[in-house]
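The opening position of the sequence shown corresponds to residue 3 in the working numbering, with each subsequent residue numbered one higher. Worksheet: the structure to be examined is printed underneath.
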Amino acid sequence: MENNENKLAEPNEDNFITMVVNDAGYRTLSNKMNNNRKPYEPIDPSKIRSFMPGNVPEIFVKEGDEVKEGDRLLILEAMKMKNILLAPFDGSIKSINVKLGETIPKNFVLLELEK
Numbered sequence: 003m004e005n006n007e008n009k010l011a012e013p014n015e016d017n018f019i020t021m022v023v024n025d026a027g028y029r030t031l032s033n034k035m036n037n038n039r040k041p042y043e044p045i046d047p048s049k050i051r052s053f054m055p056g057n058v059p060e061i062f063v064k065e066g067d068e069v070k071e072g073d074r075l076l077i078l079e080a081m082k083m084k085n086i087l088l089a090p091f092d093g094s095i096k097s098i099n100v101k102l103g104e105t106i107p108k109n110f111v112l113l114e115l116e117k
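This is how it looks when you write it as structure tokens:
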């Protein structure tokens, strides 16, 4: 069985760390910003998030609607661009967490889908 576990050691007095990736050790310089960043979290495709701050001028679906992969969900307007967010898979709209015209921050959960 292949070991795909990645490990990161604490920085030593010289701010060097050893990263272990697939059983291979790599020694690299670390900094305070890198040491304090939050751990990686896999993306949940059922939660449609805003990828930048903006507002929502149009919503094409309602809670409970059935959607197919590629169907329009809503428009996220940011920096004078209108971005149409599409359904990543077939399913139904579990919840809509935004209202028309609402200004939202980055990474805000706009919609939740369920298969």
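Built from N, CA and C at the ideal position, the CB exists for glycine as well. None of the values given here were measured: they were computed from a predicted structure.
Three or more beta-carbon pairs separated by less than 8 Å are not found between the region 79–99 and the region 34–45, which leaves the two stretches without contact.
For LYS96 against LEU76, the beta-carbon gap comes to about 14 Å, at or over 8 Å, which does not count as contact. The three-state secondary structure of LYS49, taken from DSSP, is strand.
Rounded to whole angstroms, the separation of the alpha carbons of PRO90 and VAL69 is 10 Å.
Annotation for GLU79: GLY56, ASN57 and PRO59 place their beta carbon closer than 6 Å to its own, counting only its chain and skipping 5 residues before and after. In the structure shown, ASN85 falls within a strand segment according to DSSP collapsed to helix, strand and coil. About 16 Å separates the beta carbon of ILE50 from that of LEU102, a gap too long to meet the 8 Å contact definition.
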